[in-house]
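*Asks:* I have a structure here, written as structure tokens, and I will follow up with some questions on it.
2 protein chains.
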Amino acid sequence: MDEITFAVVGTGGIGRRALEVSQHKDALTPVAACDRHGTAIDFDGLDVDELLAATEGNIDNEVATDGGKRTDGSRSSSALRSDGGAGATAAEGGVKQHGENKGVVASEQAQPSEDSIQDIIDHGDGIDAVLLALPNYEHDFIPRTADRFLEGGYSGVMIDVLKRSRVIGMLDERREAFEDAGITFICGAGATPGLLTGAAALAAQSFVEVTDVDIHWGVGLKSGYEDNRGTVREDIAHLPEYDIDTARELSDEEIEAIIDDHDGVIEFEDMEHADDILLERAGVCDAEDVTVGGILDVRSDEKPTTTTVSVTGRTFDGETATNTFQLGDETSMEANVNGPALGYLQTGVRRNRAGEYGVFGPVELMPGF
Amino acid sequence: MDEITFAVVGTGGIGRRALEVSQHKDALTPVAACDRHGTAIDFDGLDVDELLAATEGNIDNEVATDGGKRTDGSRSSSALRSDGGAGATAAEGGVKQHGENKGVVASEQAQPSEDSIQDIIDHGDGIDAVLLALPNYEHDFIPRTADRFLEGGYSGVMIDVLKRSRVIGMLDERREAFEDAGITFICGAGATPGLLTGAAALAAQSFVEVTDVDIHWGVGLKSGYEDNRGTVREDIAHLPEYDIDTARELSDEEIEAIIDDHDGVIEFEDMEHADDILLERAGVCDAEDVTVGGILDVRSDEKPTTTTVSVTGRTFDGETATNTFQLGDETSMEANVNGPALGYLQTGVRRNRAGEYGVFGPVELMPGF
Chain H
1 MDEITFAVVG TGGIGRRALE VSQHKDALTP VAACDRHGTA IDFDGLDVDE LLAATEGNID
61 NEVATDGGKR TDGSRSSSAL RSDGGAGATA AEGGVKQHGE NKGVVASEQA QPSEDSIQDI
121 IDHGDGIDAV LLALPNYEHD FIPRTADRFL EGGYSGVMID VLKRSRVIGM LDERREAFED
181 AGITFICGAG ATPGLLTGAA ALAAQSFVEV TDVDIHWGVG LKSGYEDNRG TVREDIAHLP
241 EYDIDTAREL SDEEIEAIID DHDGVIEFED MEHADDILLE RAGVCDAEDV TVGGILDVRS
301 DEKPTTTTVS VTGRTFDGET ATNTFQLGDE TSMEANVNGP ALGYLQTGVR RNRAGEYGVF
361 GPVELMPGF
Chain B
1 MDEITFAVVG TGGIGRRALE VSQHKDALTP VAACDRHGTA IDFDGLDVDE LLAATEGNID
61 NEVATDGGKR TDGSRSSSAL RSDGGAGATA AEGGVKQHGE NKGVVASEQA QPSEDSIQDI
121 IDHGDGIDAV LLALPNYEHD FIPRTADRFL EGGYSGVMID VLKRSRVIGM LDERREAFED
181 AGITFICGAG ATPGLLTGAA ALAAQSFVEV TDVDIHWGVG LKSGYEDNRG TVREDIAHLP
241 EYDIDTAREL SDEEIEAIID DHDGVIEFED MEHADDILLE RAGVCDAEDV TVGGILDVRS
301 DEKPTTTTVS VTGRTFDGET ATNTFQLGDE TSMEANVNGP ALGYLQTGVR RNRAGEYGVF
361 GPVELMPGF
């Protein structure tokens, strides 16, 4: 495949690991990375080692800094702002700061910026794909960010590792705009939704009717915890007692208290993961036949349960059976999110270069390697 | 998806079951089916029930009737001939004949034909995809059949359920011709290669380096044996004592003797299945790191072993792990071949309509549902 240039928006746990994994992919050249503090751009390819080392103590795990609905059409409503907005106070607590520069600006390759997303858009001509690595923003942040790229005249691939089912519809509403702009938007391209959704779609192929898809994940996050506090907060929002808004308002101390209450091991049931909508929109099964749950252990790197996808259906010859897909317990969440994310990114660029635009998911695309 | 019309070339076990499974797929309309005896064509859609019922006792499990190398460029060298050639005598033994008409001609929808492939080509304008359901022909039959469609000016999808690794290179040699003609050729689109190859490619996504892919299948074929004698013969050609040529020359009695020698349960190791080349050409791993084996039990419908894909690799963070994909034991070979074949067919038509031509495999495409 031809060389692919890509940008990472968000340099928390996912964005940083995406940069790291991309170093194992010959076809991929990271040329830009940004967080709400600034932007690093180098079309010869970022020095990933320097960037990761320089920012190791400066991971910005802030929660959404932009609580407002977009009402005035201005781009500032989805800027990665550092200047306030709902949640900004809690957000500051999410930045591990060493030295005087925050977040990505600790890298010598980065410049401070008031609107780093605009920096990426302004350089969009040289960027084949933009990976939105923002798991902990409010659910409409990604659609609104897509609007900014549309307004800025970007043409290329946008890819996210979102989780929430409700986001897919918001992206589908923009399908025509993406088609007109030449944007290939790949949604839900991490582990779940993502790799595991694709595995479910493949497993469905034995059947003429799928009656049940069960995705159950295990994550051991002891050593990855500091890097992935945003993801943990996102998970907590799936507990019955919380939602996106209330989880965003939790202080770090409150998060710790919740974890303590569960002795470090939190079990999730009936999570709102977009696997359901992604499978339904591809005709595999009804969204209501899909269940996603899992167990998160933040005090061990061992997985508390083996991540398993079970797809039950009826064959053309009248049998009922269950096909399964399991991830080896030694594969980390970071490996299972970022490998697929970059795999889908490569496939997205291929689709984009073939002139196919719109909104696609892991049920329709096989990730590249 | 828009309506898709397709033809089935070959009405043995696979072709017949493909027609049957397609009745569960709203988007698919079978409009043609042929074997070496004749052709059924109806652009309003074949009456699959009539065709299957009328030909139930007339399944043509003949081995290749065309042993000659193509030397003169004439189309007859890859016709589905009934008029002789190496293996013709043995071939006659493979036809279960009830009544006076052989094979598909027993259906009231079919007409006898001396060159049924040409019939399909001549009607190619109305056929979106051609499924080559010919597992037991010699290995270059499919590339030579592709040549006939190229010469005949066909533009659309061709899809096969071939097994042999060596065929992929022969198809890749025709890539430019396919591109010029507007043909999207999907190769290895059954179970293995096919569904299980795709599962291996997905399972690889956790890793930055794949060290080992092991595909091990189980098939219980008691009730499906009569329909799938061609596939059994193909499998026997994978035993160390045989090859494609010697297996083709075996009489039915000799096949039975081999089965008896094994008490009905034949184990295969290191099979030449194209999974290896398909994974290598997509960059997932080296062909030599892929092994395919399995156990066939022709005297039970229970699978003698659970079909399992194991993919072992190294993650970006230095772990070694194995991801697995397993088919439920109640899923028949027919379900696991024909579901994927029609799934890949749908995706192939989508690619073709988007203007993407050439040679593709299950590592690059996610089958539709």
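Protein sequences appear in the order of chains H and B.
Here full-length UniProt numbering is used: position 270 in the first sequence is 270, and no number is missing along the way.
Here full-length UniProt numbering is used: position 252 in the second sequence is 252, and no number is missing along the way.
Every residue, glycine too, gets a C-beta built ideally from N, C-alpha and C.
For clarity, every value in this text was computed on a predicted model and none was experimentally measured.
Contact check, residue 266 of chain B vs residue 233 of chain B under 8 angstroms by CB: the rounded distance?
*Replies:* Not a contact, Cβ separation roughly 12 angstroms.
*Asks:* Can you list, in chain order, the stretches of the alpha helix (DSSP H) that have 4 or more residues and sit fully within the segment 319 to 359 of chain B?
*Replies:* 333 to 353
*Asks:* Since residue 250 of chain H and residue 268 of chain H are thought to touch, with beta carbons under 8 angstroms apart, how far apart are those beta carbons, to the nearest angstrom?
*Replies:* About 16 angstroms; that fails the 8 angstroms criterion.
*Asks:* Start and end of the alpha helix (DSSP H) containing residue 165 of chain H?
*Replies:* Looking at the DSSP string, the run of the alpha helix (DSSP H) that includes residue 165 of chain H is 165 to 172.
*Asks:* Near residue 270 of chain B, what residues of its chain come up, given a Cβ to Cβ distance below 8 angstroms and the 5 sequence neighbours on each side ignored?
*Replies:* 291, 292 and 293
*Asks:* Would you decide whether residue 140 of chain H is buried or exposed? Buried here means 16 or more other CB atoms lie within 10 Å of its CB.
*Replies:* buried
*Asks:* What did DSSP end up calling residue 16 of chain H once you bin it into helix, strand or coil?
*Replies:* helix
*Asks:* Residues of the segment 203 to 229 of chain B in Cβ contact with chain H at a cutoff of 7 angstroms, in chain order, please.
*Replies:* 204, 205, 206, 207 and 208
*Asks:* Counting only the same chain and skipping the five closest in sequence on each side, list residues whose C-beta sits under 8 angstroms from that of residue 89 of chain B.
*Replies:* Residue placement at residue 89 of chain B cannot be trusted, given a pLDDT of 30 that sits under 50; the coordinates are not used to answer.
*Asks:* Run the CB neighbour count on residue 341 of chain H, radius 10 Å, all protein chains shown included, and call it buried at 16 or more, exposed below.
*Replies:* buried
*Asks:* Any beta carbon from chain H within less than 8 angstroms of residue 193 of chain B's own beta carbon?
*Replies:* no
*Asks:* Taking the alpha carbon of residue 339 of chain B as the point to measure from, which residue in H:3, H:284 and H:177 has its own alpha carbon closest?
*Replies:* H:284
*Asks:* If distances are taken between C-alpha atoms only, which option among B:298, B:191 and B:197 comes closest to residue 223 of chain B?
*Replies:* B:298
*Asks:* Excluding the 5 residues flanking residue 201 of chain H on each side, which residues of the same chain have their C-beta closer than 6 angstroms to its C-beta?
*Replies:* Excluding residues up to 5 positions away in sequence, 284 and 363 lie with their Cβ nearer than 6 angstroms to the Cβ of residue 201 of chain H in the same chain.
*Asks:* Nearest chain H C-beta to residue 72 of chain B closer than 8 angstroms, yes or no?
*Replies:* With a pLDDT of only 40 at residue 72 of chain B, under the threshold of 50, the placement of this residue in the model should not be trusted; the figure read from the coordinates follows. No, its Cβ sits nowhere closer than 8 angstroms to a Cβ of chain H.
*Asks:* For the segment 146 to 158 of chain B against the segment 107 to 123 of chain B, are there 3 or more C-beta pairs whose distance is under 8 angstroms?
*Replies:* yes
*Asks:* With residue 314 of chain H as the anchor, note down where its alpha helix (DSSP H) starts and where it stops.
*Replies:* That residue, residue 314 of chain H, is in no alpha helix (DSSP H); its beta strand (DSSP E) goes 308 to 314.
*Asks:* Going by beta carbon distance, what residues of the same chain come within less than 7 angstroms of residue 207 of chain B, once the five residues before and after it are set aside?
*Replies:* 313, 314 and 315
*Asks:* If you scan the segment 98 to 139 of chain H from start to end, which runs of the beta strand (DSSP E) of 3 or more residues do you find wholly inside it?
*Replies:* 110 to 112 and 129 to 132
*Asks:* Which residues of chain H have a Cβ atom closer than 9 angstroms to the Cβ of residue 334 of chain B, listed in chain order?
*Replies:* 315, 316 and 317
*Asks:* Who are the neighbours of residue 284 of chain B on chain H, taking C-beta pairs under 8 angstroms?
*Replies:* 369
*Asks:* With H, G and I counted as helix, E and B as strand and the rest as coil, what does DSSP make of residue 202 of chain B?
*Replies:* helix
*Asks:* Our contact map puts residue 379 of chain H next to residue 306 of chain H with C-beta atoms below 8 angstroms; I'd like the distance itself, whole angstroms only.
*Replies:* This structure cannot settle anything about residue 379 of chain H, because the visible part of chain H is limited to 1 through 369.
*Asks:* At the level of alpha carbons, what is the spacing between residue 367 of chain B and residue 153 of chain B?
*Replies:* 26 angstroms
*Asks:* Answer with buried or exposed for residue 246 of chain B, where buried requires no fewer than 16 other C-beta atoms within 10 angstroms of its C-beta.
*Replies:* exposed
*Asks:* Let me see if you follow: with CB-CB separation under 8 angstroms, is residue 185 of chain B close to chain H or not?
*Replies:* no
*Asks:* Got a sec? Which residues, its chain only, sit under 7 angstroms from residue 189 of chain B by beta carbon, not counting five neighbours each side?
*Replies:* 159, 160, 161, 340, 341, 344 and 362
*Asks:* Pull up the DSSP beta-bridge partners for residue 290 of chain B, would you.
*Replies:* Assignment of beta-bridge partners to residue 290 of chain B by DSSP yields B:213.
*Asks:* Flag this pair as touching only if the segment 318 to 338 of chain H and the segment 14 to 25 of chain H have three or more C-beta atom pairs under 8 angstroms; answer yes or no.
*Replies:* yes
*Asks:* Do you know offhand how far residue 350 of chain B's Cα is from residue 28 of chain H's?
*Replies:* 27 angstroms
*Asks:* Please go through the same chain and pick out, in chain order, the residues whose beta-carbon is closer than 7 angstroms to the beta-carbon of residue 178 of chain H, but skip the five residues on each side of it.
*Replies:* Hits under 7 angstroms: 185, 357, 358 and 359.
*Asks:* So who's on the other strand from residue 146 of chain H, going by DSSP bridges?
*Replies:* Looking at the DSSP assignment, residue 146 of chain H forms no beta bridge with any residue, so it has no partner.
*Asks:* Beta-carbon within less than 7 angstroms of residue 214 of chain B's beta-carbon, same chain only, minus the 5 sequence neighbours each way: which residues are those?
*Replies:* 291 and 310
*Asks:* On the DSSP letters alone, give me the boundaries of the alpha helix (DSSP H) that residue 45 of chain H sits inside.
*Replies:* Residue 45 of chain H -> no alpha helix (DSSP H), and no H or E assigned at all.
*Asks:* From residue 253 of chain H to residue 50 of chain H, what does the alpha carbon distance come to, in whole angstroms?
*Replies:* 32 angstroms
*Asks:* The segment 275 to 306 of chain H: which residues have C-beta closer than 8 angstroms to a C-beta of chain B, in chain order?
*Replies:* 282, 283 and 284
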